[in-house]
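Per the UniProt record's numbering, residue 1 is the first one in the sequence shown, and the count goes up by one each step.
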Amino acid sequence: MAEYNFSDIEKKWQAYWAENKTFEAKVDQSKPKFYALDMFPYPSGAGLHVGHPLGYIASDIVARFKRIKGFNVLHPMGFDAFGLPAEQYAIQTGQHPAITTRENIDKYKKQLKNIGFSFDWDKEVQTCDPGFYKWTQWITIQLYNSWYNKEQETASPIDTLIDIFQKEGNQQIDAACDEDTPTFSAEDWASFTAARQQELLLKYRLCYLSETTVNWCPALGTVLSNDEVKEGFSERGGHPVVKKNMAQWSMRITAYAHRLLQGLDNIDWPEPLKEMQRNWIGKSIGAELDFSTEVEDVTIKVFTTRIDTIFGVTFIVLAPETEFLSKLTTPGQQQEVDDYVETAKNRSERDRMSDVKTISGVFTGSYAIHPFSGEKIPIWIADYVLAGYGTGAVMAVPSGDARDHAFARHFDLPIVKIIEGTQVEEAADPTKEGKMMNSGFLNGLEAMDAIDKAIEVAEEKGIGKGKVNYRMRDAIFARQRYWGEPMPIYFKEGLPYPLPLDELPLELPEIDAYKPTEDGEPPLGRAADWTPREGSHYELSTMPGWAGSSWYFFRYMDAHNNDAFVAKEAQEYWENVDLYIGGSEHATGHLLYSRFWTKFLYDLGYVNVEEPFKKLVNQGMIQGRSNFVYRVKGTNRFVSKNLKDQYETSSMHVDVNIVENDILDIEKFKSWRPDLKDAEFILEDGKYLCGAEVEKMSKRYYNVVNPDDIIDKYGADTLRLYEMFLGPLEQFKPWNTNGIDGVFKFLRKFWNLFHDERNNFAVSDKAPDPAALKIIHQTIKKAEEDIEKLSFNTTVSSFMICANELTRLKCNSREVLESFVIILSPYAPHIAEEIWSKLGYKESILTATFPSYDESYFKEATYEYPISVNGKMRAKMSFALDMPSEDIEKQVLASEVIQRWVDGKTPKKVIIVPKKIVNIVV
């Protein structure tokens, strides 16, 4: 048989693709476009393991398929290159993060190219490249120089807002702005100093600076986002995280809450992911009520969806981070409140929300005034109330809410029951049960009518208003790090200003160490002679990791444009991403921010789409398959799996790369670690059999499989096919190297279809066998339909069946085999290119046309009938499906076999059931 030398073949075609720029994507109005994209990776020092390429292989199959179907395909790759890991390494070693990042990117690119992806590497972007982050800074300035008009539901340049202020002040304008924005007239505006005007504009800008409660990690010296904090500790490094108030840059994503919610109805995303975004945005329709307090200048605003329960309110609960808490805390409660606030700072929001068992809180010593009854109600603080949700205050209705009820019971607070009618009845024990009451104006009304009526009365009284509330908060847009995009902002006389566009990019300066200064300033405070102009200084915080990833998909369309973030022609042609593949863990981070930035760029006319990703697929995780050896306790002896119950043993993870088909390579095991060089083994059948278990793929479990090792042994095409063969794309599935040999054997069988027994390439131009036509057309249909559904694993199975059938039929028909190589090519491109060139074609197989299937070949031309004599089957005979019954009868009765069973007798009758049976009765 001809040798399938995958190593030489794959190197040959990877070089060909690079030299000929086979995957180059240019605007071509003569072709329909298709934009396939993967969530770009953060390049870690560990490189890729076999779980990482799963989504990339899937998108590559679709991209190659679309090319063969006549589409102009954009399929790029880049790197999310800023971030904390490189900075932490820089702190530890003193090495500039750019060096580590560059080395890691080079490693990733080499691995990715070895797998044979159809990436247009000329479109590569790296978020740490000044040529890229120049435009991240440019977009940030556009956001800074814009405001959101709620009435028109669009962002507009800040100059249009200034015009309104000059003509009529801000009393009639409906804009997204800070809660504490004062009202002023045109005359007031004209009388304000320039500095005051800038302060007021900052309350409207979409990128703004304000005092904010943040997740502060002292060990890392930076603010962390909610999704970077797990159970009170930083996800990176496991350091304690506390709540802290500090001036921070934020993005006013809340202005787009309504549109972000609506837009989910128009995109093809997994429903669970869309539901995560809906819950994160958290739309609630209700009312905002004002509770005055005994402290003259403090009013507590409370949002509630059930204002009709207002007469059941017996106390107020504030978040421990409440800004005016110090004003409400009486001297006698000061120490208790301070201690509680300090404890609450060290608990994550997730812990505080999910902890329903622990009941804790502290009385402030102050009272609020019930807005309807005028009664005094106590003000407490408790960490189950979060400053970042609603108004950071809860009107507690213990008779209607389980958590409020538990809190009231625990601290012996009143519980008021609300009943129909206007009668007020005193309970026997007011402290325990309170009184039963309702308001006359809500008497007999259904819940929704009661809510509307209560809002109406609250507005008439001037103590509240109807309001739509969103759980989502504005996004913190600053990190106290070095390795990130510098903010394009400078300060003069304490006020922020955007850099002139001709000063972009503002590049990272060199510093002597990658940690905060002795005064606690961010690392950029170490930069010498880094000032924009006399009497001013740059912002010292950098942008968060999600800044560059919020728009990078547009840059791929026009990656090297120095004059715009994307040329108008390129964006209008490519529009947005047709297929985006990545992890669901980015649902409320990257994916939400990307939608926000795209809608903003749309509002200002820079792009012509409101949504960045038409279709999104979350690939599942490839889990590791761990192997175990069993050490006899107290010894350096290891017993094979099926003998371990005869000894007292402990299990130990072993490197899966020294195990094959669960058989341990003993010599490699001995050299794996110094303490194992003298290990002894108790074998079964002369082998050491390891145990196995499915776990997360991790260095900790020694179950990480490097794709380079698989490629060296089996080839990239085998890796690609096997990852798809493991199971449905969206599901979690275990990696098991034991099964990869079957895929490798399939590729060799496919190769041999094109070669004769003397190792010569041999295909025939003769007409193919009908059975061969049937199987190839069935496979074409399966391949096309499944690839559109992203059901790759079932297609790989159909390829294997097709190869087996064609081998059995000894088919070497060019007509059949050419179709087979084309439909296989998206999955196994290297072997396909090699066979295609052997078939005599000079250009890449990507210039071929995907074959059409003809369902007429699926129909059976003949049917094999069981022939019975007096009810017992005696033979089988095949007849054309359109053969008349009388002709079938003649041929059956003429058969020598049947003649023997009939024994010369004349049949009484012959029963023929079409496509079923022939029965002769004698």
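Even for Gly, the Cβ is constructed at its ideal location relative to N, Cα and C.
Per DSSP, the bridge partner or partners of residue i
i, result
"Val-617", "Ile-581"
"Ile-888", "Partner(s): none; Ile-888 has no beta bridge."
"Ile-476", "Ser-250"
"Gly-624", "Glu-695"
"Met-877", "Tyr-865"
"His-653", "Phe-628"
"Met-395", "Ile-316"
Of the listed residues the options, nearest to residue i (C-alpha basis)
i, options, result
"Val-50", "Glu-510, Ile-711, Ile-775", "Ile-711"
"Trp-530", "Gly-545, Trp-551, Glu-507", "Glu-507"
"Asp-122", "Leu-817, Val-704, Arg-555", "Arg-555"
"Pro-612", "Phe-553, Trp-13, Thr-795, Gly-582", "Phe-553"
"Ala-257", "Gly-238, Lys-699, Asp-854, Arg-595", "Arg-595"
"Ile-418", "Thr-314, Arg-479, Ala-368, Gly-462", "Thr-314"
"Phe-669", "Asp-709, Asn-627, Lys-699, Leu-643", "Asn-627"
"Ala-587", "Pro-272, Val-639, Asn-245", "Pro-272"
"Lys-12", "Arg-900, Ala-716, Leu-579, Ile-377", "Ala-716"
"Ile-787", "Tyr-841, Tyr-827, Glu-757", "Tyr-827"
"Asp-903", "Ile-911, Asn-870, Met-883", "Asn-870"
"Phe-291", "Gly-221, Val-394, Ser-225", "Val-394"
"Asn-760", "Ser-819, Gly-739, Ile-162, Ile-835", "Ile-835"
"Gly-374", "Val-743, Phe-311, Ser-650", "Phe-311"
Straight-line gap, residue i to residue j (C-alpha atoms, nearest Å)
i, j, result
"Val-424", "Gly-620", "Note that Val-424 scores a pLDDT of 36, beneath 50, so its modelled location is shaky and nothing firm can be said."
"Ile-920", "Pro-907", "7 Å"
"Trp-735", "Tyr-108", "21 Å"
"Gly-464", "Thr-304", "11 Å"
"residue 924", "Glu-610", "Examination of residue 924 is not possible in this model, given that the chain is present from 1 through 922 alone."
"Ser-59", "Leu-729", "11 Å"
"Ala-692", "Ser-7", "31 Å"
"residue 938", "Ala-319", "Residue 938 cannot be examined here, being either before or after the span of the chain that is shown, 1 to 922."
"Asp-452", "His-560", "56 Å"
"Asp-512", "Leu-846", "51 Å"
"Glu-19", "Ala-547", "34 Å"
"Glu-321", "Thr-140", "29 Å"
"Leu-37", "His-75", "6 Å"
"Arg-259", "Arg-278", "11 Å"
"Asp-882", "Gln-731", "46 Å"
"Arg-808", "Ile-801", "11 Å"
Delimiting residues of the alpha helix (DSSP H) encompassing residue i
i, result
"Ala-387", "Here Ala-387 belongs to no alpha helix (DSSP H), and DSSP marks it neither H nor E."
"Met-800", "792-808"
"Lys-835", "The identity of residue 835 in the sequence shown is Ile, whereas the question assumes Lys. Start and end: 829-838."
"Gly-742", "740-753"
"Tyr-702", "Neither: Tyr-702 is in no alpha helix (DSSP H) and is coded neither H nor E."
"Trp-380", "Trp-380 -> not in any alpha helix (DSSP H); beta strand (DSSP E) instead, spanning 376-381."
"Gly-263", "257-263"
Cβ shell of residue i (< 6 Å), same chain only, five flanking positions each side left out
i, result
"Ala-454", "Ile-307, Asp-308"
"Val-816", "Pro-768, Ala-772, Ile-776"
"Leu-664", "Tyr-688, Cys-690"
"Gly-45", "Asn-104"
"Leu-616", "Trp-269, Tyr-580"
"Phe-600", "Ala-155"
"Lys-432", "Residue placement at Lys-432 is flagged as unreliable, the pLDDT there being 45, under the threshold of 50; the coordinate-derived value follows with that caveat. Nothing meets the Cβ criterion."
"Lys-915", "Tyr-863"
The beta strand (DSSP E) enclosing residue i, as first and last residue numbers
i, result
"Ile-115", "Ile-115 -> no beta strand (DSSP E), and no H or E assigned at all."
"Glu-275", "Where Glu-275 is concerned, there is no enclosing beta strand (DSSP E), although the alpha helix (DSSP H) it sits in stretches over 271-281."
"Trp-216", "207-217"
"Asp-38", "33-38"
"Asn-469", "464-470"
Same chain, Cβ closer than 7 Å to residue i, five either side skipped, listed in chain order
i, result
"Tyr-4", "Leu-747, Arg-748, Trp-751"
"Lys-614", "Ile-267, Asp-268, Asn-576, Val-577, Asp-578"
"Tyr-470", "Thr-254, Ala-257, Ile-281, Gly-282, Lys-283"
"Pro-430", "Bear in mind that a pLDDT of 39 at Pro-430, under 50, signals an unreliable position, so the number given afterwards is only what the model happens to contain. Closer than 7 Å at the Cβ level, and outside the excluded window around Pro-430, lie Pro-414."
"Gln-137", "Glu-485, Pro-488, Leu-504, Pro-505, Leu-506"
"Gly-83", "Tyr-42, Trp-483, Gly-545"
Sequence-distant residues of the same chain with beta carbon closer than 8 Å to residue i, five excluded per side
i, result
"Thr-293", "Thr-299, Ile-300, Leu-328, Ser-366, Tyr-367, Ala-368, Ile-369, Ile-379"
"Asn-642", "Glu-684, Leu-689"
"Ile-658", "Leu-664, Asp-665, Lys-668, Phe-669, Trp-672"
Proximity test, Cβ basis, 7 Å: residue i and chain B
i, result
"Leu-289", "Protein chains in the displayed structure number just one, and chain B is not present."
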